[in-house]
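Working notes for the structure below.
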Amino acid sequence: MNAKIRLEVFGWIIGMAVTVAWLSMPLWLNS
């Protein structure tokens, strides 16, 4: 697997993690 694909996959995983954290933030603040 070349570096470009690996970087894209890494970026996608980070993006998903940030999105989940952002969507979960109101739940954490309300608890």
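Numbering (numbering that gives the first Met the number 0), first residue to last: 0 to 30. The beta-carbon is built from N, C-alpha and C at its ideal position, and this holds for glycine as well.
Check: Would you kindly work out how many angstroms separate the C-alpha atoms of F9 and S23, rounded to a whole number?; Outcome: 21 Å
Check: Could you check the C-alpha separation between V19 and I4 for me, to the nearest Å?; Outcome: 23 Å
Check: Where F17 and L28 are concerned, what is the direct C-alpha to C-alpha distance, given to the nearest angstrom?; Outcome: Per the sequence shown, residue 17 should be read as Val rather than Phe. If I take the Cα positions, the gap works out to 16 Å.
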